[in-house]
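**Student:**
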Amino acid sequence: MGKDKRKLFIYLPMALALSIVIGIFLGSRFNVDSNHNTRFRKFNKVNEVLNYIFEEYVDSVDKSALIEGSLVSLLKDLDPHSSYISTKDLRSLSEPLEGNFEGIGIEFNIIKDTIIVISPISGGPSEALGLEAGDRIIKIEQERVAGTGVTNKAVMNMLRGPKGTSVDISIKRRGTTAMIDYTIIRGEIPIYSVDIAYMINDSIGYIKINRFSAKTHEEFVSAFKSLPKRRLNGLVLDLRGNPGGYLSAAIAVADEFLDRNQLIVYTQGKAHPKTPYEATSSGLFKEGKIIVLIDEGSASASEIVAGAIQDNDRGIILGRRSFGKGLVQEQFVFPDGSAVRLTIARYYTPTGRCIQRPYDEGLESYYRDVYKRLGNDESAENDSSYFNDSLKFITPAGKTVYGGGGIKPDIHVSVDTVGQSIYLRRIVNRGLINQFAFDYADKNRKKLNTYRKVSDYDEGFSLTERELQSFYSYAMDKGVEKDERDIAVSAQLIEFRIKAYIARHIWNNEGFYPVIHHIDKTLQKAVEEIQDENFSIITDKLP
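Residue 552, in my numbering, is where the sequence shown stops; the numbers in between run on with no holes.
1) Closer than 8 Å by C-beta to P199: which residues in its own chain qualify, once you throw out the five before and the five after it? Chain order, please.
2) Is the CB-CB distance between L441 and I515 below 7 Å?
3) Return the bridge partner residues of K217 from the DSSP annotation.
4) Quick one: using the 10 Å Cβ neighbour count with 16 as the cut-off for buried, is N443 buried or exposed?
5) Should the segment 300 to 307 be called in touch with the segment 535 to 548, which here means at least 3 C-beta pairs below 8 Å?
6) For G556 versus R355, is the C-beta spacing smaller than 7 Å?
7) Answer yes or no: do D177 and T192 have a C-beta to C-beta separation smaller than 7 Å?
8) In whole angstroms, what separates the C-alpha of S92 from that of E287?
9) Ends of the alpha helix (DSSP H) at V58?
10) Just confirm the distance between the C-beta atoms of A317 and S331, as a whole number of angstroms; I'd bet it's less than 8 Å.
11) So is P105 buried or exposed if we call it buried at 16+ other beta carbons inside 10 Å?
12) Quick one: what does DSSP say I147 is sitting in, helix, strand or coil?
13) Beta carbon of V126, beta carbon of D144: below 7 Å?
14) Can you list, in chain order, the residues of its chain whose CB lies under 6 Å from that of I62, leaving out five sequence neighbours each side?
15) Does the beta-carbon of I216 have 16 or more other beta-carbons within 10 angstroms, so that it is buried, or is it exposed?
16) Go ahead and label T174 buried or exposed: buried means 16 or more other beta carbons lie within 10 angstroms of its beta carbon, across all protein chains shown.
17) For the pair the segment 523 to 531 and the segment 501 to 508, tell me if three or more CB-CB distances fall below 8 Å.
18) Can you find the residues in the same chain that come closer than 7 Å, C-beta to C-beta, to A142, ignoring five residues on each side of it along the sequence?
19) Using the three-state DSSP reduction, which class does D286 fall into: helix, strand or coil?
20) CA-CA distance, S291 and D264?
21) Taking the alpha carbon of Q338 as the reference point, which residue from K534, L351, Q429, A446 has its own alpha carbon closest?
22) Check whether the segment 63 to 70 touches the segment 320 to 330, counting contact only when three or more Cβ pairs, one atom from each stretch, lie closer than 8 Å.
23) From P367 to L336, what distance separates their C-alpha atoms?
24) Is I178 helix, strand or coil when you go by DSSP?
25) With a threshold of 16 other CB atoms inside 10 Å of the CB of R382, please say whether the residue is buried or exposed.
26) Candidates I431, D304, N56: which alpha carbon is nearest S499's?
27) Does DSSP put H90 in a helix, a strand or coil?
28) Based on DSSP bridge pairs, tell me the residues matched to K298.
29) Report yes or no: do three or more beta-carbon pairs, one from the segment 242 to 253 and one from the segment 269 to 279, lie closer than 8 Å?
30) On the criterion of 16 or more Cβ atoms from any shown chain inside 10 Å, does S545 qualify as buried, or is it exposed?
31) For A450, I'd like the list of residues in its chain whose CB is within less than 7 Å of its CB, leaving aside the five on either flank, ordered along the chain.
32) Within 10 angstroms of the Cβ of T47, are there 16 or more other Cβ atoms? Answer buried if so, exposed if not.
33) Which residue comes first and which comes last in the alpha helix (DSSP H) that contains R435?
34) If you measure between the beta carbons of A258 and F221, is that distance less than 7 Å?
35) Whole angstroms is fine: what's the gap from N44's alpha carbon to V67's?
36) With 16 as the cutoff for other CB atoms within 10 Å, does R249 come out buried or exposed?
Laid out in structure tokens, this is it:
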């Protein structure tokens, strides 16, 4: 089967796919030559060995498991991001990048062994039918699911399905005694890659992108246009924790900030000649101040955007060194629905740097490096020492940038350890803040809905001491002992987190981010830089 008959597309690997097995199966089945069973054709040893096992091995074997295991071995030593993806996994990995899935359209959580509707997804069939945040799903297709130990995976399997098919659910709503029955016709549900766009203050906008999907550019344009252009003096583009996605989406977003013919990125590989991608004449924000936030979770497509902004002297990169993923993959889909993502090229930023980290010491070392950075708390000087002189590049304005290990920010902001404690880590890791916030929001929706705007809630709402003590008691009931010393250290962070999650359960991301940003030191540093009269892209500042 020729390459033209297979579905191919350029893909920049996502850090979220680390758990996917690595490998590829080449060729078709060959017969074993019984007269020369020790001779293997040079390029078909894997196929010959598999056939030999299937035909001659002393015991019966699981052919599918053996083949998939061999696929893993075939690519494991190439690079960290070439991978074989099974039929079962490909759909779940592809949906976030395609920007939609088929189902009923709810965000849910399982709390106290009950499926709780956190929010109907905007534009989905559940929203159209009137499902509300806080609804408890008791039955699905007449089968009771509340109090049965149902899992997230099981719920998704029951609620998702082909567009046009139906599913019956029965829910209980606070304030009503009888169950309410719905027949929901499944539809195409959007998966949004832009979390929020809002004005931090009168002149500075904020947009957060969580991945680069097929619809990210469209979402970004809509988000940007929602900001008041006349007042917009600066923009913070938040790519922290964004693991990447499509090359085309990254190029389209970067294009909105650059002048015509400015180089955004170029790709090059052994079988793929150098291919440059340049900015067009159109662009939404070519002159205002821009700061891009990155961290160790910002990878591939995120690094393309950050690299284009940095290398063209367009804005400031602020935060911590990015992941360092500079490989381009091509997806090759097999007839059975499985696929191979094979690294076919590297990408290079406009100054010519490849930001791919070394991976010659193996996968474990490759991924451990990211966690070591957090533990070492790279300062600006230590971050610079990671790069040797051969990896230095100079931008048109004379700024030194580095290749070979992620995007080094112009302004380094260390991990914020103020207010951190073992107690805080325990309640966060167990999801207790979110669970408590949901219970609070669910019981107090009428009161909370009296706030006409998120800004009114942000300014006017605070938890009482009694409510805070109620949370600490709740945490004790869930197995986290009260620690007065740690609570004194973390009290402000705990209170803001509870307040932010309450807001999320009422106003979704539009409520969450404006509140949580009060304790976001990296964002606060970005705002400070934009407001600085001496704002300059030539900088390398300490935190």
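All C-beta atoms, glycine included, are put in the ideal place defined by N, C-alpha and C.
**Tutor:** Result, derived from the coordinates:
1) G108, N109, I130, S131, G132, G133, K224
2) no
3) I205, D247
4) buried
5) yes
6) The chain is shown from 10 up to 552; residue 556 falls before or after that span and cannot be answered.
7) yes
8) 29 Å
9) 54 to 65
10) About 13 Å; that fails the 8 Å criterion.
11) buried
12) strand
13) yes
14) none
15) buried
16) exposed
17) yes
18) V126, I127, S128, H514
19) Position check: residue 286 holds Tyr in this sequence, whereas Asp was assumed. Correct three-state label for Y286: strand.
20) 8 Å
21) L351
22) no
23) 11 Å
24) strand
25) buried
26) I431
27) coil
28) G243
29) no
30) exposed
31) L457, I511, H514, I515
32) Low per-residue confidence applies at T47: pLDDT is 45, beneath 50, and the placement is therefore not dependable enough to give any value.
33) 431 to 438
34) yes
35) Bear in mind that the predicted position of N44 carries a pLDDT of just 43, short of 50, making it unreliable; the figure below should be weighed with that in mind. The alpha-carbon atoms of N44 and V67 are separated by roughly 19 Å.
36) buried
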